[in-house]
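Q: Numbering (my numbering), first residue to last: 4 to 406.
By construction, the Cβ of each residue, glycine as well, lies at the ideal position given by its N, Cα and C atoms.
These figures come from a predicted structure and were not determined experimentally.
Provided herewith is a single structure, encoded as structure tokens, for subsequent inquiry.
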């Protein structure tokens, strides 16, 4: 098989160096899978018979990112490549990490520890495939099936069940009957998984173009009953299963949708239960308030508050929530471009100006309140963005009324 993918071609010198020094080396993992599917490839991972310290000796820039498990990061030609020693793994008593790993010399043994057959394919530098579990056939059929018994794979690391559903969303594949049945049986094991790991997989699922195929599987396998918040309100996942989902940008967009459907659970609660960042909280909160502003007629103010970067997320959310009243992204962008100002810094006055015009009044929240009011008057076209005009309007107010 000819390697037409530039990403693999750039990584070839890594394999060539390992080969010249007497080691086996192969491309492995998701990049091989995506190449065979015809999707854009992400990070290139390499498996080798060389041990980590031997890899370190061969390359100038090596970072020991997971050296205890046989993984180092090789920096070459401004790219990073994970290079992992062939290994087998012991039991997973913490449902995440193997108790121990054994370095081996056989790529077949290494492949045997992987999760799904489509991910258990190695590719040589000449494009030849090593595919002992018939992963290429699974890809051809569009089917997700585990390497070996699914009970064993999911008991080792229950997160693999979430990964299976995530791949349904990303690839549009179906679950094999044995894989699906095992998820039904072992779904309660998800309770043992750190929520941070769940949230990573869940966000990737949200971003998939086939999410509509994944949501019903959560319900039928009872997986949703072991996820934060969803287990408290079964109607949430049923709602997801009835919508024609499009790929979302991130978890914040999904939180907005979940909250708009079921306001009982505030954004802050979702963030706490899923252990998400304050950045996600702020974005989700802004999207919720923007959705509510827009649909009561405050369109220009909504566009301004969102800013150009959040227009696309807002349109995705609004169109998913209100399919019969869709917003055109091109129209939204034209509206933004036509605004008299695009950020507060473009306003002809600032807080210092207001403070100087009311020097006898102590500073306080009233200054911010005045600025917001002026911003909105300018955005909605009630006054022009000229300093003297804005000053005249500000001086009409009594700051004491704002306290």
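1. Kindly provide the ranges of any beta strand (DSSP E) runs that are 3 or more residues long and lie completely inside the stretch 102-126, ordered along the chain.
2. CB-CB under 7 Å to residue 322, same chain, minus the five flanking residues each way: which ones, in chain order?
3. Rounded to whole angstroms, what is the Cα-Cα separation between residue 168 and residue 112?
4. CA-CA distance, residue 214 and residue 120?
5. Using only alpha-carbon positions, find the residue among 144, 39, 80, 87 that is nearest to residue 59.
6. With distances taken between CB atoms, is the gap from residue 192 to residue 237 smaller than 8 Å?
7. Determine, using beta carbons only, whether residue 381 and residue 320 come nearer to each other than 8 Å.
8. State yes or no: is the C-beta of residue 199 nearer than 7 Å to some heavy atom of the ligand NAP?
9. Applying the criterion that 16 or more other CB atoms from any shown protein chain within 10 Å of the CB defines a buried residue, is residue 9 buried or exposed?
10. Could you compute how far the alpha carbon of residue 342 sits from the alpha carbon of residue 35?
11. Select from 235, 166, 173, 368 the residue whose C-alpha is nearest the C-alpha of residue 196.
12. So which of 85, 266, 179, 173 has the shortest CA-CA distance to residue 146?
13. I'd like to check one pair, residue 73 with residue 106: are the Cβ atoms closer than 8 Å?
14. Under the rule that 16 or more other beta-carbon atoms within 10 Å means buried, what is residue 173, buried or exposed?
15. Leaving aside the five residues before and after residue 186 along the sequence, list all residues of the same chain whose C-beta is less than 6 Å from its C-beta, in chain order.
16. So what's residue 329 in DSSP terms, helix, strand or just coil?
17. Below 8 Å between beta carbons: does that hold for residue 125 and residue 190?
A: Well, looking at it:
1. Listed in chain order, the complete beta strand (DSSP E) runs (minimum 3 residues) inside the stretch 102-126 are 104-106.
2. Within the same chain, residue 322 has close Cβ partners 329, 330.
3. Cα to Cα, residue 168 sits roughly 26 Å from residue 112.
4. Cα to Cα, the separation comes out at about 21 Å.
5. Selected option, being the one with the closest Cα: 87.
6. For residue 192 and residue 237, no; Cβs fall outside 8 Å.
7. Not in contact: residue 381 and residue 320 (Cβ atoms no closer than 8 Å).
8. Here there are no bound small molecules, and the ligand NAP is not part of this structure.
9. Exposed, since its Cβ has fewer than 16 Cβ neighbours within 10 Å.
10. Going by the C-alpha atoms only, they are around 47 Å apart.
11. Answer by Cα proximity: 166.
12. It is 179 whose Cα lies nearest to the Cα of residue 146.
13. Yes.
14. Of the residues assessed, residue 173 falls on the buried side of the cut-off, its CB having 16 or more other CB atoms within 10 angstroms.
15. Same-chain partners within the cutoff: 164, 224.
16. Residue state, collapsed to three classes: coil.
17. Cβ atoms of residue 125 and residue 190: not closer than 8 Å.
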